[in-house]
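Residue numbers for the sequence shown follow our numbering, beginning at 956 and rising by one.
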Amino acid sequence: MTSGALSGSTAGDGFRGSEGLLTRASAVIPGGVNSPVRAFRAVGGTPRFMASGKGAWLTDVDGNRYVDLICSWGPMILGHAHPDVLRAVEETAARGFSFGTPSENEVALAEEIVARIEPVDQVRLVNSGTEATMSAIRLARGYTQRDVIVKFSGCYHGHVDALLASAGSGVATFALPDSAGVPRSSAGETIVLPYNDLDAVEAAFAERGHEIAAVITEAAPGNMGVVPPDPGFTEGLRRITREHGALLISDEVMTGFRCSRAGFYGVEGPYAAGPADLFTFGKVMGGGFPTAAFGGRADVMALLAPAGPVYQAGTLSGNPVASAAGLATLRGCTDEVYARLDVAARAIADAASEALTAASVPHTVQWAGSMFSIFFREGPVRNYDEAKTQDVDAFRRFFHSMLEQGVHLPPSSFESWFVSAAHDDAAVAHVVDALPAAARAAAAGD
């Protein structure tokens, strides 16, 4: 990497520092990373180890700077090291990191979430999106006294055993484990259906409706790339689950408070058939700190211990520092912030589409609020099978060209792109300037 390749930024000495850290990490951390997508296996090459972030920019351990289009997979909606969030964290940390008792910050964060999402009466704070979905499913099972969960192929809800499942051989067939270490008994409590297919949902409930505790769906999937629900799909899920006495869980870990003040519910809802019974949240609500939540109707939430018989607990749940970061972030998510996200995202996506079209690279851009992704294939993508038909090699070439020019995209073609309110005109221009060469690289082939 040269200083010319990183026009508008300060380049360091290649990426030898990242290579050295990857070698060190691989000796003590499986694969050298603590979350698989960071390993660059989908695109090849050496993952960049970051040393700092400020606003829209990341700086790696070698001094190379990048416009960040990952934004910590969504949480950095205000930008890195935002002064208001930093101040809240510093002031709270100075009073103590963790108490193992209730504190005011967790109450204030819960109040902020409930105020933003009209169907949510109460929330329970946890530490990760995985914990939120796991707990919501346990609660749904406790409420309905049923065991079976329906999920959709391509929707990711964390590494919960029952949700790391692949489709069985028939529409309503119980699923198979999708990861080593997941017992067949756990996956066997899950039915996996194609996304955006209400006929498949109807068929599954016709056969096993009396066993199904809940349907869990990403409000707008972002883990196979952005694949928004078809018009009427969410409404149909609500209608079907209600008819059969099952709960609907809307996973807004990714979309929550990013797509709008009220997440994707604020974009698509309210629904004539009514809202989901439970919601899960994470990412933005923590401002970059490890906190998450699940919540919903008061009568369902009343089953949680200590009020009810469904047990859930966590030593660091409602951590005062994480809650302070989340509260400062949500309070900073003003109408002006959401407007800026829309402007920056649209400018980047439109420019990318223009560059790829000029280079004759098949592609389609899809949206959920300001979240977007580019599929390297023609035509709309409605489900995971269609997402898998894209040209991942073209994306790999596109990704590395952008990286060499100082733009860090998500290192997978099956992920969402994120901007922040700190993506000012200069940051957007840096991305736009890099796109034509990246599009030509995508078109060139190996």
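Positions of the beta carbon are idealized from the N, C-alpha and C atoms, including for glycine.
Cutting at 6 Å between CB atoms, please list the residues of its own chain near residue i, excluding the five before and the five after it.
i, result
"A1063", "L1282"
"T1128", "A caution first: T1128 carries a pLDDT of 48, below 50, which makes its placement in the model too unreliable to give a value."
"M1005", "L1013, D1015"
"F1244", "A1277, A1280"
"T1196", "V1170, L1203"
"S1356", "A1392, A1393, A1396"
"S1308", "V1320"
"V1386", "V1022, I1303, V1362"
"G1164", "H1199"
"F1354", "V998, L1364"
"E974", "T1001"
"S1058", "P1275"
"Y1111", "N1178"
Select from the options the residue whose C-alpha is nearest the C-alpha of residue i.
i, options, result
"V1383", "A1397, A1161, H1363, A1399", "H1363"
"L1233", "N1338, T1172, L1285, H1199", "T1172"
"P1366", "P1057, I1025, G1010", "I1025"
"A1135", "V1147, L1148, A1120, P1149", "A1120"
"I1303", "I984, G1000, G987, V1022", "V1022"
"D1133", "G1109, A1155, Y1150, V1156", "G1109"
"V1265", "V1255, G1273, S1272, N1274", "V1255"
"A1168", "V1222, Y1098, A1175", "Y1098"
"R1193", "R1213, R1216, V1208, G1224", "G1224"
"Y1339", "F1369, F1354, M1209, F1327", "F1369"
"A1313", "A1393, F1327, A1376", "A1393"
"D1290", "S1053, S981, C1214, T1210", "C1214"
"D1185", "G1164, H1165, D1152", "D1152"
"A1174", "G1164, D1154, A1155, G1221", "G1221"
"H1199", "N1019, S1083, E1166", "E1166"
"V1081", "A1065, A1070, I1072", "A1065"
"A1231", "A1257, E1190, A1310, G1269", "E1190"
"F1212", "G1008, E1309, I1068", "I1068"
"C1288", "Q1100, A1217, T978", "A1217"
"M1240", "D1379, N1274, L1311, I984", "N1274"
"A1294", "D1379, G1237, Y1226", "D1379"
"G1187", "Y1226, T1056, S990, P1074", "Y1226"
"E1073", "V1292, G999, A1389, G1251", "G1251"
"M1179", "W1372, Q1100, F1054", "W1372"
"I1032", "Q1360, E1359, R1286", "R1286"
"G1008", "A1036, V1292, P991", "A1036"
"S1205", "A1159, V1105, A1158", "V1105"
"R1071", "E1207, L976, P985", "E1207"
"A1201", "R1096, A1158, Y1111, V1292", "R1096"
Kindly list the residues whose CB is nearer than 7 Å to the CB of residue i, restricted to its own chain and excluding five residues on each side of it in sequence; keep chain order.
i, result
"S1141", "D1116, A1117"
"A1253", "D1076, Q1077"
"R1352", "A1396, A1397, A1399"
"G1242", "P1030, V1040, A1280, G1281, A1283, T1284"
"D1297", "S1325"
"E1341", "none"
"A1300", "S1325, F1327, V1374"
"A1323", "A1175, G1177, V1181, P1183, T1210, C1214, F1219"
"S1272", "L1080, V1081, N1082"
"G1034", "G1010, A1011, S1375, A1376, A1377"
"F1052", "V1276"
"V1044", "V1276, A1279, A1280"
Roughly how far, in whole angstroms, is the beta-carbon of residue i from the beta-carbon of residue j, given that I think they are within contact range, below 8 Å?
i, j, result
"E1144", "D1102", "5 Å"
"A1306", "N1060", "Contact flag wrong, Cβ pair sits at about 40 Å."
"R1332", "Q1345", "4 Å"
"A1349", "V1316", "6 Å"
"T1088", "T978", "In fact, because the Cβ distance is near 35 Å, the residues do not count as touching under 8 Å."
"W1028", "K1238", "7 Å"
"A1381", "Q1360", "So it is not a contact: roughly 15 Å between Cβ atoms."
In chain order, what residues of the same chain lie with their CB nearer than 8 Å to the CB of residue i, ignoring the 5 residues before and after it?
i, result
"V988", "A980, A994, P1002"
"T1319", "I1329, F1330, R1332, E1333, G1334, P1335, V1336"
"V1137", "D1116, L1119, A1120"
"F970", "M956, T1001, R1003, D1015, D1017, N1019"
"E1086", "G1113, A1247, G1269"
"L1094", "L1233, F1249, V1255, M1256, L1258, L1259, V1265, Q1267"
"V1347", "A997, F1331, S1368"
"E1046", "A1279"
Using a Cβ-Cβ distance cut-off of 9 Å, determine whether residue i contacts chain B.
i, result
"W1028", "The structure shown has no chain B; it contains just one protein chain."
Whole alpha helix (DSSP H) runs in the region 1046-1121 with 4 or more residues, listed along the chain?
-> 1059-1071, 1084-1099
In chain order, each beta strand (DSSP E) run of at least 3 residues that lies wholly inside the region 1286-1319 | none
Length at least 4, wholly inside the region 1153-1233: the alpha helix (DSSP H) runs in chain order = Complete alpha helix (DSSP H) runs here, min 4: 1153-1163, 1188-1198, 1218-1223.
Where in the region 1235-1290 do unbroken runs of the alpha helix (DSSP H), each at least 4 residues long, occur, reported from the N-terminal end onward?
-> 1253-1256, 1275-1287
Which runs of the beta strand (DSSP E) fall wholly inside the region 985-1043 and span at least 3 residues, in chain order?
-> Taking only runs of at least 3 residues, the beta strand (DSSP E) segments lying wholly in the region 985-1043 are 1005-1009, 1012-1015, 1020-1023.
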